[in-house]
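Peer 1: Next up is a structure, given as structure tokens.
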Amino acid sequence: MTIPAMILTGINYQGGKFNGNPNITKVRYASLENHYEVPLEVPILDIIGMLPLILFLVYFRMFAPKIKRTQRASDYSILVTRLPSDATSEEVKEHFSFYGQVYDATLALNNGKLIRLRKQQQEMIEQLKDYREDGLPDGKKRSIILGLGGDSVDSLSDKISKLQSEINDLKR
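Numbering-wise (our numbering), the sequence shown opens with residue 1 and increments by one.
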């Protein structure tokens, strides 16, 4: 909606009134012929209410290009993985300062995957303990192995070993 249309809408607040017969009712939305049907304060208040919107639009149009040109720290941030476990922020800063000025270096640990892998490994070990329990029927033993996604106890042991190597890689 354009600004003149908003002003005309404010001036002609009610338009044509519905008089019960839709055949003869006309909606005159932007005309001045029935503006006397509402108190003068109503369209004035509508126009005054539109002023903040108009001022915001003008302000936004003036400063939108400047906002687009603004550079953020995230534009120049990098994520480095597989750092040595004993690396410090100062060492990382010093290492990367060879390529340009480094303003800040933050070391964050991603322990979410490590926790998930440890939990998965522990669940597999617990279920293998159940498997090795004497007195379990063969069908139950088979369902434990299939439930863990393996074909045999050896394949599950291999899976546990792979999980352990992933955990060791994450610790570094």
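Each residue gets a CB set at the ideal place from its N, CA and C atoms; glycine is no exception. Model, not experiment: these values are computed from the prediction.
(1) Could you have a look at L109 and say whether DSSP puts it in helix, strand or coil?
(2) Report all residues from its chain with a CB closer than 6 Å to the CB of S89; omit the five preceding and five following residues, and keep chain order.
(3) What's the gap between the Cα of I48 and the Cα of Y59?
(4) Could you tell me if P52 is buried or exposed, where buried requires 16 or more neighbouring beta carbons within 10 angstroms of its beta carbon?
(5) Assign G15 to one of three DSSP states: helix, strand, or coil.
(6) According to DSSP, is L55 part of a helix, a strand, or is it coil?
(7) Pop quiz: I54 and R118 are said to be a contact at Cβ under 8 Å. What is the actual Cβ separation, rounded to whole angstroms?
(8) How about I160 and Q127: are their beta carbons less than 8 Å apart?
(9) Starting from F98, follow the alpha helix (DSSP H) in both directions and report where the run begins and ends.
(10) Let me know if P39 comes out buried or exposed under the rule of 16 or more other beta-carbons within 10 Å of its beta-carbon.
(11) Might you give, ordered along the chain, the residues of its own chain that have their beta carbon closer than 6 Å to the beta carbon of V92, omitting 5 neighbours on each side?
(12) Would you mind working out which of G100, N111, S155 sits nearest R82, comparing C-alpha positions?
(13) What does the alpha-carbon distance come out to for the pair S155 and D169?
Peer 2: Reading from the atomic positions:
(1) The sequence position of residue 109 within the sequence shown is 109, counting from 1. In this structure, L109 counts as coil in the three-state DSSP scheme.
(2) Translated into positions along the sequence shown, residue 89 becomes position 89. Once the five neighbours on either side are set aside, the close Cβ partners of S89 are A105, L107.
(3) Start at 1 with the first residue of the sequence shown, and residue 48 comes out as number 48. Start at 1 with the first residue of the sequence shown, and residue 59 comes out as number 59. Computed Cα separation, rounded: 17 Å.
(4) What you label residue 52 is simply residue 52 of the sequence shown in a count that begins at 1. The residue is exposed, with fewer than 16 neighbouring Cβ atoms inside 10 Å.
(5) Translated into positions along the sequence shown, residue 15 becomes position 15. Low confidence applies to G15: its pLDDT is 48, below 50, so where it sits in the model is not reliable enough to give any reading.
(6) Working through the sequence shown from its first residue, we reach residue 55 at position 55. Correct three-state label for L55: helix.
(7) Counted from its first residue, the sequence shown places residue 54 at position 54. Counted from its first residue, the sequence shown places residue 118 at position 118. In fact, because the Cβ distance is near 60 Å, the residues do not count as touching under 8 Å.
(8) On the sequence shown, position 160 is the one that residue 160 refers to. On the sequence shown, position 127 is the one that residue 127 refers to. Not in contact: I160 and Q127 (Cβ atoms no closer than 8 Å).
(9) Mapped onto the sequence shown, residue 98 falls at position 98. It is not in any alpha helix (DSSP H) - F98 carries neither H nor E in the DSSP assignment.
(10) The residue given as residue 39 occupies position 39 in the sequence shown. Exposed, because fewer than 16 other Cβ atoms sit within 10 Å of the Cβ of P39.
(11) Looking up residue 92 in the sequence shown gives position 92. Correct list, in chain order: A105.
(12) What you label residue 82 is simply residue 82 of the sequence shown in a count that begins at 1. When each option's Cα is compared against that of R82, the closest is N111.
(13) One-based indexing of the sequence shown puts residue 155 at position 155. One-based indexing of the sequence shown puts residue 169 at position 169. Going by the C-alpha atoms only, they are around 21 Å apart.
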